[in-house]
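A.B. asks: Chains as they are written, first to last, in our numbering: chain B, 19 to 303; chain G, 121 to 901; chain F, 1179 to 1350.
Even glycine gets a Cβ: it sits at the ideal position worked out from N, Cα and C.
Remember, it's a predicted structure, so these values are computed and weren't measured experimentally.
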Amino acid sequence: MIPSKFDYVRVNSIDEAIQQLQQLNGEGKLIAGGHSLVPLLKFRLTEPGALIDISRIAELKEVRKEGNRIVVGALNTHFQVANNQIVKEHIPVLAETVRQIGDIQVRNRGTIGGNIAHADPAADLPAAAHVLDAKIMIQGEDGAETMDMESFVIGPLITMLPENSVLTAISFTIPPSHTKSAYLKFSHPASGYPVIGVAVVAGVDENNMIDYAKVAITGVGDVAYRATAVEEKLLGQELSETVIKEASQYAAEDGEIANDLFSSEEYRRNLCKVYTERALKAVLF
Amino acid sequence: MTKVVGTRLKRKEDPKLITGHGSFADDIQLPGMLHAAVLRSPHAHAVIKKINVEEALKVPGVVAIYTGKDLEGKIGPVPTSWYVPDCDLKEAPQYPLAIDRVRYVGDGVALVIAEGRYAVKDAMYLIDVEYETLSPAVGQKESLKDNAPLVHDDIENNLAFHWKAGTVPEEVCEKAEASVKQSFYVQRVAPSPIETRAAIGRYNPGTGELTLWCTSQNPHIHRMVLSEVLDITEAKLRVISPDMGGGFGGKIGVYPDEALVGFAARDLCRPVKWIEERSEHFTAANFGRDEVIDVEIYGQKDGTITALRVTNTHNVGAYLSTMGPGVSTIDFGLMITGIYKIPYASCETFGVYTNTTPTDAYRGAGKPESTYQIERAIDLFAKEIGMDPVEIRRINMAQKEDFPFTNAQGLVYDSGDYEKPLTKALEMVDYQKFREEQKELRKRGKLVGIGFSTYVELCGFGPSKVAGGIGFQGGIWENATVRVHPRGSVTVYCGTSPHGQGHATTFGQIVSEKLGIPMDDIELVFSDTKSVSMGWGTYGSRSVAVGGSSVAIAADRVIDKAKKIAAHELEVSVEEIVFEEGIFSVKGSPSLQRTFKEIAKSANMAWNLPEGIEPSLEASSYFDPENFVYPFGTHIAVVEVDKETGQIELKRYVAVDDVGRVINPLTAEGQVHGGLAQGIGQALWEGIVYSKDGQNLTGTFMDYAMPKARFFPKFETAFTETLSPVNPIGAKGVGETGTTASTPAIMNAVMDALEPYGIKDIEMPLTPEKVWRAISESEGK
Amino acid sequence: MGNEKVNVTVKINGNEKRAEVEPRTLLAHFIRDNLGLTGTHIGCDTSQCGACTVLVDGQAVKSCTLLTVQADGSEITTVEGLGQVGNLHPMQQSFWEKHGLQCGYCTPGVMMAAVGLLQQNPNPSDEEIREGLEGVICRCTGYQFIVDAVKHAAQLMRETEAEVQLVGEERL
């Protein structure tokens, strides 16, 4: 599998990247780790005129705490994210999720920004992004802007990333300290992508009442989604197996569940319930 | 005698492979070498209206583009090599490039030759082909129907062959107290060697010699077939199999692509290299299995099986592959009764053309399918009469005293002791304890199950006269030459063609033990038709049993001659010479001796040889065994099923195999492990799925589930050793035991786990959804 | 567009190499075709099989999913740089001893991936090794002897490291 021809330019700053995008007038495509893009290039599913390599822009590699949020620069690899102290301490569900992406080689090279920008419906990362109220930070021709996951990813491989702009970082909410979290995944035996992946951040108050519940599901349809119906059924309830079981029945409510060769919509709806229940139990018990 | 055979030696092959110094096909670089790419049909069935190569020819570096029409009259069709007799076999000619009609996705349409592996692809993508699509025939059962589209216009009902063996009298079935009918689908799978196929051609216009390096498990068969296809004498065609990244049956076949590369190299008088891509491999390389097997099993309530009726409807794809016709007939149909003394059995096989990639032998070829149906059927019968699966096997299996045992279809099994591995495996798994635990776990809602497979397989092809009788277009003897050099090291030339099995080590061990010389003094040469006089290749677990035996016989002949020389030098009679651990000595006077090295020198110098003895120390053997060999054993799987998701966890896997004499336990275990992964893969994960319009929906490793390390527990393996009487080594063959035995063991275990739901069968592969659905449907009842 | 070649410099197995390549050149092809190091193999199109795994700046990556231009300025280690006959790396030694290979085609990639695994986890359990080998496919071995080999290599490497430390301390 050989890509078609393209030009290549390496840039050293975000501004330079934007300039190149402008100059190339729609023919340019950004490349960071390349682990989403290179496979597409090889199959000639995308044939850009030029690649703009942003992988060495230092300002995209930071991880920092900003108030109640953690900002992870787009160029951090999955391996770096999984092993970052700030991430592990404040948003462990992100570390747990990226640790389950692909394999060691892919995690060494694939970046968190590239993963979100690629918007693969079967990606793991969006589940964690959703439960951590991720904000996608973008730098464009007209300055910086921020989008949430729902408005950023609008379909399989389709995002609202404006023309001539760079996804610079993703910012995540730090959940309350009494919460716990988990990412539970059923890998496709061939691709390793989630047939379903459920991320949960949840907690109970001193009276054992569920006072925090974020649940997100990926892999089952065109886009990952927040299972808000489940969250609503949980919040304010006293923690019990029955409450979890009943709430989990609503796990497929908020998503558009799809069929594929490996699993039907009906089966995936079942997986939504079972995996949500198991993930909630893992977190709350 | 030095003990070399039977020891766990490290492999001779490995140093080059672990340091990056192997020489695989794509590693070969020749001066002036061009690259080839084959444009393949994206349609399962279509008429080629027009091919426009104009734009493609403009790509810098393009040297030539050939279409099927360009090659008409210049290159012949690639034939099958197995004309199974008495089955009305109809062969449709497979031209290396389709001429006016494409018959499967992957059928070659144009051959592009260019400077460089990138340019050749650029050009290939620019070829514009106009097709008029036709309805395709896809599934075998549907394709047999009267209204099905015809893959080849002159072949009615797409019936490639119709084969029958054995009869079951109606009254036997009528008298049976119990019977079970079940249809199984042994699904299409991809052999998937990690190295795809490749070919490199080099033609010398001065000598007229064409050298073809290709990924072949049997270079001499390739030479024989391609010499006809390319119209070149065998003496001028040299086929070399370089280091090969696995085969598993997928590289037995003589393929159109190899013929194309040879043709282009000769036509252009420049070296040409073709390296297949993985996605291409999933459309153009032969698959395995794809057989719908309908079984009827009859017997008494005491567990005695009285009759077995089997119908196999085999999807052969669009053309007959090299071994294809033999798989579902001879290999399958004569082995349907497995290890059991079933008095009556019959098999009827329909070979059906479809608009899909051809199917051929895949590790086990026919025997995994036959084992699958009998081992599943016997379990279903046991369930029907309420008998333990081990007990019913013991009641029906051939006993030690029955050997040589003739099965219902007339095959004579060489040797066997089926109780031995069964007992051992039951001990290893602790069967009684498992059943007790299972009861407890079931009470707690846990679905655990145990599954058995007590198998036997037909291996070690020879004998050649049988090959003739069954229509195989080859002899299946083996050749070895042991050549002793003047300073005492040895080169052994062998007709088998290893590609991962480690013959350099195992055959080396045979020679080392025979000649009493160190492994390092022995070099093995395989896989080159110019060096090795003849050979029939590596498949069918035949290499040690036939090739290894040939090596052993040739080594014995070397010793015989060396003894005569030693006797002459020591001035005694040959009868007085003893040869042990590389020393020729005189009986009763051990100080009178010659070393192997000394005799090697004497023989080669020829200064003082006994009368009538020719110079040099070299011997050959052409070994044709009197019978096949029949390895056997017991495999036991333990599984747990997650009832909420249908996911299956393989908890334990016990394999006790009897492969006759084990030359190297380390490599033998490796063979078992690899076979297990593939056989378990067939049961649980792997499967090629075609859409109704004949597109392969599982055409990459993103979709086709190759087993990975984390899918398996640690396998628990052991061997029992029942020697084969049909070869001098006593070996039976180990390569295919894993794929043959494991698939039904897994299925039987899962069905045992699902017994509380009354589930009897689920089609492979057992994806979680299928299992979940079966449970849900049973709960809904 | 697409006809401009790009200069790259890499340090491969300790040797600096400069070349002019098409930007689309895959690192795997560059290593094999331009540098003539054919120990690194290609087994699939989709980044699943891992036969092409090499170390780039010390980390295991799949060289079929990396453009050569992306590796410009990097240090690359291939199987040829891991160790040589007579001076084998513990991983190579262990694959040989434990029969961790059959056809040997996936082996260089598997060994490089395993080296990458041990860098991240020097003392893995069998289960962690199996999980850690998610990025490679072997069709021959059924993985059991690969797991044994990686475990053995981990032990050898820990022992060697301990020895190195000891020698270091003695020198102090």
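Under 7 Å, CB to CB, which of the residues in the segment 192-224 of chain B have a partner in chain F?
C.D. replies: The segment 192-224 of chain B vs chain F, Cβ under 7 Å: Gly210.
A.B. asks: Identify, in the order they occur along the chain, each residue of the same chain with its Cβ nearer than 8 Å to the Cβ of serine 22 of chain B, setting aside the five sequence neighbours on each side.
C.D. replies: Counting from 1 along the first sequence, the entry for residue 22 of chain B is found at position 4. So the qualifying residues of the chain are Leu59, Arg62 and Glu65.
A.B. asks: Which one of G:Glu889, G:Met826, G:Val229 and G:Asp640 has the shortest CA to CA distance from alanine 208 of chain B?
C.D. replies: Position 190 of the first sequence, counting from 1, holds the residue named residue 208 of chain B. The shortest Cα separation from alanine 208 of chain B among G:Glu889, G:Met826, G:Val229 and G:Asp640 belongs to G:Met826.
A.B. asks: Excluding the five sequence neighbours on either side, which residues of its own chain have a C-beta within less than 6 Å of the C-beta of asparagine 277 of chain G, listed in chain order?
C.D. replies: If you number the second sequence from 1, residue 277 of chain G lands on position 157. Excluding positions up to five away in sequence, the list reads Leu264.
A.B. asks: Would you report the Cα separation of isoleucine 417 of chain G and alanine 427 of chain G, rounded to the nearest angstrom?
C.D. replies: Locating residue 417 of chain G in the second sequence gives position 297, where the first residue counts as 1. Locating residue 427 of chain G in the second sequence gives position 307, where the first residue counts as 1. Taking the Cα positions, isoleucine 417 of chain G is about 6 Å away from alanine 427 of chain G.
A.B. asks: What does lysine 79 of chain B touch in chain F if you count any residue whose Cβ is under 7 Å from its own?
C.D. replies: Your numbering for residue 79 of chain B matches position 61 in the first sequence. Those within 7 Å of lysine 79 of chain B in chain F number zero; the least Cβ separation is about 14 Å.
A.B. asks: In whole angstroms, what separates the C-alpha of alanine 405 of chain G from that of proline 463 of chain G?
C.D. replies: Within the second sequence, numbered from 1, the residue matching residue 405 of chain G stands at position 285. Within the second sequence, numbered from 1, the residue matching residue 463 of chain G stands at position 343. Near 40 Å, if we compare the C-alpha coordinates of proline 463 of chain G and alanine 405 of chain G.
A.B. asks: Distance cutoff 7 Å, beta carbons only. Does glycine 1346 of chain F sit that close to anything in chain B?
C.D. replies: Taking the third sequence and counting its residues from 1, the one referred to as residue 1346 of chain F is at position 168. Unreliable placement is indicated for glycine 1346 of chain F, whose pLDDT of 47 sits below 50; the coordinate value is still reported in the next sentence. Output row for glycine 1346 of chain F: interface = no.
A.B. asks: Beta strand (DSSP E) containing arginine 772 of chain G: first to last residue?
C.D. replies: Working through the second sequence from its first residue, we reach residue 772 of chain G at position 652. Going by DSSP, arginine 772 of chain G is part of the beta strand (DSSP E) stretching over 768-778.
A.B. asks: Rounded to the nearest angstrom, what separates valine 158 of chain G and alanine 384 of chain G at their Cα positions?
C.D. replies: Position 38 of the second sequence, counted from the start, is the residue given in the question as residue 158 of chain G. Position 264 of the second sequence, counted from the start, is the residue given in the question as residue 384 of chain G. The alpha-carbon atoms of valine 158 of chain G and alanine 384 of chain G are separated by roughly 12 Å.
A.B. asks: In chain order, what residues of the segment 1285-1299 of chain F put their CB closer than 8 Å to some CB of chain G?
C.D. replies: Listed by position, the residues of the segment 1285-1299 of chain F near chain G (Cβ gap below 8 Å) are Thr1285, Pro1286 and Met1289.
A.B. asks: Give me the chain G residues within the contact set of alanine 1229 of chain F, using Cβ-Cβ distance strictly less than 9 Å, ordered along the chain.
C.D. replies: Walking along the third sequence from the start, residue 1229 of chain F turns up at place 51. Neighbours of alanine 1229 of chain F on chain G, chain order: Ile314, Glu315 and Gly365.
A.B. asks: Sort out for me which residues DSSP pairs asparagine 1265 of chain F with in a bridge.
C.D. replies: For the purposes of this step, residue 1265 of chain F is identified with residue 87 of the third sequence, where counting begins at 1. Answer by DSSP bridge pairing, in chain order: F:Gln1262.
A.B. asks: With a threshold of 6 Å on Cβ separation, who are the neighbours of proline 1268 of chain F within its own chain once the five nearest residues in sequence on each side are excluded?
C.D. replies: Working through the third sequence from its first residue, we reach residue 1268 of chain F at position 90. For proline 1268 of chain F, same chain residues with a beta-carbon under 6 Å away, outside a window of 5 residues either side, are Ala1331, Leu1334 and Met1335 in chain order.
A.B. asks: Classify asparagine 102 of chain B: buried if its beta carbon has 16 or more other beta carbons within 10 angstroms, exposed otherwise.
C.D. replies: The residue given as residue 102 of chain B occupies position 84 in the first sequence. Counting Cβ neighbours within 10 Å, asparagine 102 of chain B comes out buried, since at least 16 surround it.
A.B. asks: Do threonine 186 of chain B and alanine 92 of chain B have their CB atoms nearer than 7 Å?
C.D. replies: Working through the first sequence from its first residue, we reach residue 186 of chain B at position 168. Working through the first sequence from its first residue, we reach residue 92 of chain B at position 74. It is a contact, given that the beta carbons lie within the stated cut-off.
A.B. asks: Give the straight-line distance between the Cα atoms of valine 65 of chain G and proline 57 of chain B, rounded to the nearest whole angstrom.
C.D. replies: The structure shown does not extend to residue 65 of chain G, since chain G is modelled only from 121 to 901, so the question has no answer here.
A.B. asks: What's the C-alpha gap between glutamate 291 of chain G and alanine 297 of chain B?
C.D. replies: Your numbering for residue 291 of chain G matches position 171 in the second sequence. Your numbering for residue 297 of chain B matches position 279 in the first sequence. So the two alpha carbons sit approximately 60 Å from each other.
A.B. asks: Taking 7 Å as the CB-CB limit, is serine 1252 of chain F close to chain B?
C.D. replies: Stepping through the third sequence from its first residue, residue 1252 of chain F is reached at position 74. No, because no Cβ of chain B sits closer than 7 Å to the Cβ of serine 1252 of chain F.
A.B. asks: Quick one, which residues of the segment 1234-1246 of chain F are near chain G if we go by CB-CB under 9 Å, in chain order?
C.D. replies: none
A.B. asks: Touching or not, the segment 146-162 of chain B and the segment 78-85 of chain B, by the rule of three or more beta carbon pairs under 8 Å?
C.D. replies: no
A.B. asks: Is tyrosine 215 of chain G close to chain B? Criterion is C-beta to C-beta, closer than 7 Å.
C.D. replies: Working through the second sequence from its first residue, we reach residue 215 of chain G at position 95. Closer than 7 Å: no.
A.B. asks: For the segment 280-295 of chain B, which residues have a beta carbon sitting closer than 7 Å to at least one beta carbon of chain G?
C.D. replies: Against chain G - using a Cβ distance shorter than 7 Å - the residues of the segment 280-295 of chain B are Phe280, Ser281, Ser282, Tyr285, Asn288, Leu289 and Val292.
A.B. asks: Could you check whether the Cβ of leucine 159 of chain G sits closer than 7 Å to any Cβ belonging to chain B?
C.D. replies: Counting from one through the second sequence, the residue named residue 159 of chain G turns up at place 39. Chain B, which has no Cβ nearer than 7 Å to the Cβ of leucine 159 of chain G, makes this no.
A.B. asks: Could you work out which residues of chain B lie near aspartate 1223 of chain F, taking near to mean beta carbons separated by less than 9 Å?
C.D. replies: Position 45 of the third sequence, counted from the first residue, corresponds to residue 1223 of chain F. In chain order: Met19, Pro57, Lys60 and Phe61.
A.B. asks: What in chain C is Cβ-close to leucine 817 of chain G, meaning under 7 Å?
C.D. replies: Considering every chain present, this structure includes no chain C. Its protein chains are B, G and F.
A.B. asks: Hey, is aspartate 25 of chain B's beta-carbon within less than 7 Å of any beta-carbon in chain F?
C.D. replies: Sequence index remark: in the first sequence, residue 25 of chain B carries index 7 (1-based). It does: the Cβ of aspartate 25 of chain B has a partner Cβ on chain F nearer than 7 Å.
A.B. asks: Do alanine 239 of chain G and valine 229 of chain G count as a contact pair if the criterion is CB distance below 7 Å?
C.D. replies: Numbered from 1 along the second sequence, position 109 holds the residue referred to as residue 229 of chain G. Numbered from 1 along the second sequence, position 119 holds the residue referred to as residue 239 of chain G. Contact check for valine 229 of chain G against alanine 239 of chain G fails: the beta carbons are separated by 7 Å or more.
A.B. asks: Does arginine 830 of chain G have its Cβ less than 7 Å from a Cβ in chain F?
C.D. replies: For the purposes of this step, residue 830 of chain G is taken as the residue at position 710 of the second sequence. Answer yes: the Cβ-Cβ gap between arginine 830 of chain G and chain F drops below 7 Å somewhere.
A.B. asks: According to the Cβ coordinates, are lysine 650 of chain G and arginine 343 of chain G closer than 7 Å?
C.D. replies: What you label residue 650 of chain G is simply residue 530 of the second sequence in a count that begins at 1. What you label residue 343 of chain G is simply residue 223 of the second sequence in a count that begins at 1. Contact flag unset, no.
A.B. asks: Is DSSP giving aspartate 363 of chain G helix, strand or coil here?
C.D. replies: Locating residue 363 of chain G in the second sequence gives position 243, where the first residue counts as 1. Aspartate 363 of chain G: strand per DSSP, three-state reduction.
A.B. asks: Taking just the CA atoms, how far does glutamine 118 of chain B sit from alanine 200 of chain B?
C.D. replies: By one-based count along the first sequence, residue 200 of chain B stands at place 182. By one-based count along the first sequence, residue 118 of chain B stands at place 100. Taking the straight line joining both Cα atoms gives about 12 Å.
A.B. asks: Which of the three DSSP states, helix, strand or coil, is assigned to asparagine 1119 of chain F?
C.D. replies: Here chain F covers residues 1179 to 1350 and nothing more, so residue 1119 of chain F does not appear.
A.B. asks: Flag this pair as yes or no: are the beta carbons of alanine 873 of chain G and valine 510 of chain G separated by less than 7 Å?
C.D. replies: Translated into positions along the second sequence, residue 873 of chain G becomes position 753. Translated into positions along the second sequence, residue 510 of chain G becomes position 390. Contact flag unset, no.
A.B. asks: With H, G and I counted as helix, E and B as strand and the rest as coil, what does DSSP make of arginine 296 of chain B?
C.D. replies: Residue numbering aside, residue 296 of chain B sits at position 278 when the first sequence is read from its first letter. Helix.
A.B. asks: Closer than 8 Å by C-beta to isoleucine 176 of chain B: which residues in its own chain qualify, once you throw out the five before and the five after it? Chain order, please.
C.D. replies: Reading the first sequence from its first residue, position 158 is the one you call residue 176 of chain B. Ala137, listed in sequence order.
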